[in-house]
Amino acid sequence: MKKISFALFFCLCALAGFAQNSKPLDLKEIVSGEFIPQNISGVIPIPGDGEHYSQMNADKTQIIKYSFKTGKPVEVLFDAATARECPFKKFDSYSFAPDGSKLLIATETVPVYRHSYTAVHYIYSLKRNLDGKINNVVEKLSDGGPQQVPIFSPDGNQVAFVRDNNIFLVKLLYGNSESQVTEDGSRNEVLNGIPDWVYEEEFAFNRALEFSPDSKMLAFIRFDEREVPSYTFPVFAGEVPHIAPYEKYPGEYTYKYPKTGEKNSKVSVHTFDIKSKVTRKINLPLEEGGYIPRIRFTQDPNKLAIMTLNRHQNRFDLYFADPRSTVCKLAVRDESDTYIRENVFDNIIFYPETFSFVSERNGYNHLYWYNINGNLIKQVTSGSYEVQDFLGYDPENGSFYYSSNEESPLRSAIYKIDRKGKKTKLSSHTGTNSALFSTDMKYFMNRYSSLDIPTVITLNDNNGKTLTTLVDNAALKQKLNGYDMPKKEFFSFQTSEGTELNGWMIKPANFSASKKYPVLMYQYSGPGSQQVLDKFGVSWETYMASQGYVVVCVDGRGTGGRGAEFAKSTYLNLGVKEAKDQVETALYLGRQPYVDKNRIGIWGWSYGGYMTIMSMSEGTPVFKAGAAVAPVTDWNYYDTVYGERFMRTPKENAEGYKASSAFTRANNLHGNLLLVHGMADDNVHFQNCAEYAEHLVQLGKQFDMQVYTNRNHSIFGGNTRLHLYTKLTNFFNRELKK
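According to mature numbering (1 follows the signal peptide of the UniProt record, and there is no 0), the stretch in the sequence shown is residues -19 to -1, 1 to 719, in order.
What follows is the structure, given as structure tokens:
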């Protein structure tokens, strides 16, 4: 009995000591990234070499070759400090020639939009001389100015790139001679080889330029955006960065932005015969306003794959085009009553005689296998779960590798299925897993985390055996032990309409069930998105929980991971069911004994900002306060690709647009609202906030507003992020802690 008492005494002392030593979370530490787990970024499997991968060092001065088997460095492929005739000390990124013989090294990178940038590129040969040594000479790709999207030919002897919306070709075997392929490129008029703004943003790519596998042809998409309406926003001198020419009179930025119902770019596919210098237009049967979200050569130089969507985005067509005759043949068609998910494009991978395809045709996203003529061989996966990414195929043993959420909509794992249909789970930990495979599919790098476990990165063989651990974030775990850290946990509940919803909740570290806490709800809610996932993160929401809030996030109807019916239930009426589900969440929370139902707030960013306003205006007065950051307020203000994918055009769906508008239900706005927006937001225009604010003014409704000069959709730069989160913190403390 005495031993038990002493043990209890020492435990209590230890707990008391821990409580004294633990410190509160600091907002500045969170915003500055102090709790972001260590990661390994910029990993590239070396082409033609299944045993190795490469990565830049932390100083961005070297490219190092590592073993997939051991994770140990093998050699330094490039070193800016020792390379001959190297004019730069650091670089930003790099890529390999398809045969692994050369590097393209990017410097002086300047972002354009989300995925695009210009940079000054250099060529570095990895070929060895007879004595086994590398020449170690850095060569500038072009003296004509910065380039976009440079790409090696498969044989490594040519580089094509875009400059000022035109395509150029450099022939390395001819003294890096440079020639111009297109002549009609012009800003806000014609773009060759690079997508326009809406394609880049909504179809998530930055290059529309490809070499044929025999290195004899170029294929590219041409975007004629002359009839697309322009959008202009003001640019001020600002401070970080400071733009001196605008100190007295502001400038402006104008670009083409097609809003719902307006004209899109006219798109066409062209090929360029490098030897004869003949340019041809592919005879593609594309309806007016339709899209070409990808082109990609198969492994047959006479088969150019062209992916198209009709304007409604409910019909996907994969064509095979002959780059010389320009004739197109339809290979695969996939149709939906609603829309085709955009993840189809990059999950199509071509092999010599086959290719992969993903589709929701049976209600869940699954993997299908076709022969190169477009005939279905088999459905590889099936069941009430979603395949998230096709990771590759091993022709030696006929195995397919992919990630899916088969265990739970909240989790992902890595699997393989062999040619006999036997399935093997390759990832060993339950949570969120993602994988990067070697070029021969013999090894993979696995990234894993869960609610309580920061990122763990391992190298594994293709049977799932862990070969070595590269990152365990032990230092971060130890650091977290020194803080009074709230814990995140999952929950679910059923709405009054009988829908089961998943959520997470963070309670204060010193939570007491006998107290009544204010609640802060966070959500995004956009179509196909997921916020309720079993992965690690310390965020502003964690900080707010440490300040005495119960913080909650619930994925309502329309979100992803639960099949097509659940995700597409909001089709043609965005914002209505999602808002209802956030209100239902607040009502559910208000029934919990530890929640003060009169002090519930909600916030979100982008679609989450839109949802904040829609939920506060749903007609059920459950929210005392809400913050909408960079919100859409009316789908008439947003772009064609995203808006029409879920809503069709305003002309076709007038009632849906009306019901989905924050303006329509503004009279019902209940609770104190904070609107936040960046004036240089090229994605969700400041127009959304400005017009909605004016509407509230004319309705006589009071609100708060914070505008950020020269900031885009991400609202960052200098002290901006800390200012934003301090503003949000102070707002909710004022409104919900009374």
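Glycine is no exception: its CB is placed at the ideal position from the N, C-alpha and C atoms.
As the structure is a prediction and not an experimental result, all values here were calculated from the model.
Nearest to residue 288 by CA position, among 279, 299, 70 and 281, is which residue?
Taking the sequence shown and counting its residues from 1, one reaches residue 288 at position 307. Comparing Cα positions, the closest option is 299.
Would you check if the segment 535 to 553 and the segment 503 to 522 touch, i.e. whether three or more CB-CB distances between them fall below 8 angstroms?
yes
Option nearest residue 547 by Cα separation, candidates 489, 480 and 600:
For the purposes of this step, residue 547 is taken as the residue at position 566 of the sequence shown. If we check each option's Cα against that of residue 547, 480 comes out closest.
Would a C-beta distance cut-off of 8 angstroms place residue 337 and residue 374 closer than the cut-off?
The count along the sequence shown starts at 1 and reaches residue 337 at position 356. The count along the sequence shown starts at 1 and reaches residue 374 at position 393. For residue 337 and residue 374, yes; Cβs fall inside 8 angstroms.
Do residue 612 and residue 670 come within 8 angstroms of each other at the CB atom, strictly closer than that value?
As a working note, residue 670 is residue 689 in the sequence shown. As a working note, residue 612 is residue 631 in the sequence shown. The answer is yes: Cβ separation under 8 angstroms.
So does the segment 96 to 105 actually touch the segment 118 to 133, counting three or more Cβ pairs closer than 8 angstroms?
yes
Between residue 122 and residue 204, what straight-line distance do the alpha-carbon atoms span, to the nearest angstrom?
For the purposes of this step, residue 122 is identified with residue 141 of the sequence shown, where counting begins at 1. For the purposes of this step, residue 204 is identified with residue 223 of the sequence shown, where counting begins at 1. About 25 angstroms.
Return the bridge partner residues of residue 172 from the DSSP annotation.
In the sequence shown, counting from the first residue as 1, residue 172 sits at position 191. BP columns for residue 172 point to 204.
Whole angstroms are fine: how far does the CA of residue 452 sit from the CA of residue 498?
Walking along the sequence shown from the start, residue 498 turns up at place 517. Walking along the sequence shown from the start, residue 452 turns up at place 471. Their backbone Cα atoms lie some 38 angstroms apart in a straight line.
Considering only the alpha carbon of each residue, which of 634, 681 and 672 lies closest to residue 651?
The sequence position of residue 651 within the sequence shown is 670, counting from 1. Cα-wise, what sits closest to residue 651 is 681.
Any idea if residue 772 is buried or exposed, counting beta-carbon neighbours within 10 angstroms, 16 or more meaning buried?
No answer is possible for residue 772: it lies beyond the span of the chain, which begins at -19 and ends at 719.
Can you tell me the Cβ-Cβ gap for residue 308 and residue 264, rounded? I've got them flagged as a contact below 8 angstroms.
The residue you call residue 308 lines up with position 327 of the sequence shown. The residue you call residue 264 lines up with position 283 of the sequence shown. Between residue 264 and residue 308 the Cβ distance is about 6 angstroms, and since that is below 8 angstroms, they are a contact.
Taking 7 angstroms as the cut-off, is the CB of residue 60 close to at least one heavy atom of the ligand HEM?
Absence of the ligand HEM from the depicted structure is noted, as is the absence of any ligand whatsoever, leaving it without description.
C-alpha gap between residue 604 and residue 485, whole angstroms
Position 623 of the sequence shown, counting from 1, holds the residue named residue 604. Position 504 of the sequence shown, counting from 1, holds the residue named residue 485. C-alpha separation (whole angstroms): 19 angstroms.
With a threshold of 16 other CB atoms inside 10 Å of the CB of residue 679, please say whether the residue is buried or exposed.
Residue 679 sits at position 698 when you count from the first residue of the sequence shown. Residue 679 is exposed by the Cβ-count criterion.
Helix, strand or coil for residue 626 per DSSP?
Position 645 of the sequence shown, counted from the first residue, corresponds to residue 626. If DSSP states are grouped into helix, strand and coil, residue 626 belongs with the helices.
Quick one: what does DSSP say residue 704 is sitting in, helix, strand or coil?
For the purposes of this step, residue 704 is taken as residue 723 along the sequence shown, with counting starting at 1. Residue 704 falls in the helix class under three-state DSSP.
Collapsed DSSP secondary structure at residue 670 in the structure displayed:
Numbered from 1 along the sequence shown, position 689 holds the residue referred to as residue 670. Residue 670 falls in the helix class under three-state DSSP.
Between 245, 390, 58 and 311, which lies nearest to residue 35 when the distance is taken from Cα to Cα?
The residue given as residue 35 occupies position 54 in the sequence shown. Among 245, 390, 58 and 311, the Cα nearest to that of residue 35 belongs to 58.
Are there 16 or more other CB atoms within 10 angstroms of the CB of residue 399, so buried, or fewer, so exposed?
Locating residue 399 in the sequence shown gives position 418, where the first residue counts as 1. That one is exposed.
Give the secondary structure of residue 307 by DSSP, where H, G and I count as helix, E and B as strand, and everything else as coil.
As a position in the sequence shown, residue 307 is number 326, starting the count at 1. Correct three-state label for residue 307: coil.
Length of the line joining the Cα atoms of residue 259 and residue 202
One-based indexing of the sequence shown puts residue 259 at position 278. One-based indexing of the sequence shown puts residue 202 at position 221. When rounded, the distance between both Cα atoms is 16 angstroms.
So, do the segment 659 to 667 and the segment 210 to 220 have three or more beta carbon pairs nearer to each other than 8 angstroms?
yes
N- and C-terminal bounds of the alpha helix (DSSP H) containing residue 596
Indexing the sequence shown from 1 puts residue 596 at position 615. Segment 588 to 597, the alpha helix (DSSP H) holding residue 596.
Sort out for me which residues DSSP pairs residue 620 with in a bridge.
Taking the first residue of the sequence shown as position 1, residue 620 is located at position 639. For residue 620, which the question treats as bridged, DSSP gives the partners 240.
Compare the beta carbon distance of residue 262 and residue 246 with 8 angstroms and say whether it is the shorter of the two.
For the purposes of this step, residue 262 is taken as residue 281 along the sequence shown, with counting starting at 1. For the purposes of this step, residue 246 is taken as residue 265 along the sequence shown, with counting starting at 1. No; because the gap between Cβ atoms is not below 8 angstroms, this pair is not in contact.
If I'm right that residue 102 touches residue 87 with Cβ under 8 angstroms, what's the distance once you round it to whole angstroms?
Stepping through the sequence shown from its first residue, residue 102 is reached at position 121. Stepping through the sequence shown from its first residue, residue 87 is reached at position 106. Going by Cβ atoms, the distance from residue 102 to residue 87 rounds to 5 angstroms, so yes, they are a contact pair.
Under 8 angstroms between C-beta atoms of residue 448 and residue 441
Here residue 448 refers to the residue found at position 467 of the sequence shown. Here residue 441 refers to the residue found at position 460 of the sequence shown. Yes, the Cβ-Cβ distance between residue 448 and residue 441 is below 8 angstroms.
Which of helix, strand or coil DSSP assigns to residue 318
Your numbering for residue 318 matches position 337 in the sequence shown. Coil at residue 318, not helix or strand.
For the alpha helix (DSSP H) that contains residue 523, what are its first and last residues?
On the sequence shown, position 542 is the one that residue 523 refers to. Residues 521 to 527.
Among 483, 505 and 467, the one whose alpha carbon lies nearest that of residue 493
Position 512 of the sequence shown, counting from 1, holds the residue named residue 493. Looking at the Cα atoms, 467 is the closest of the given residues.
To the nearest angstrom, report how far apart residue 192 and residue 433 are at their CA atoms.
Taking the sequence shown and counting its residues from 1, the one referred to as residue 192 is at position 211. Taking the sequence shown and counting its residues from 1, the one referred to as residue 433 is at position 452. C-alpha separation (whole angstroms): 45 angstroms.
The segment 515 to 525 in contact with the segment 418 to 438 per 3-pair CB rule at 8 angstroms
yes
Which class does residue 715 belong to by DSSP, given the choice of helix, strand or coil?
Here residue 715 is taken as the residue at index 734 of the sequence shown, counted from 1. In the structure shown, residue 715 sits in a helix (DSSP, three-state: H, G or I).
Apart from the five residues on each side of it in sequence, which residues of its chain come closer than 6 angstroms, Cβ to Cβ, to residue 244?
Taking the first residue of the sequence shown as position 1, residue 244 is located at position 263. Cβ neighbours of residue 244 beyond the five flanking positions: 208 and 209.
Pull up the DSSP beta-bridge partners for residue 428, would you.
Translated into the one-based positions of the sequence shown, residue 428 becomes position 447. In DSSP, residue 428 forms a bridge with 415 and 438.
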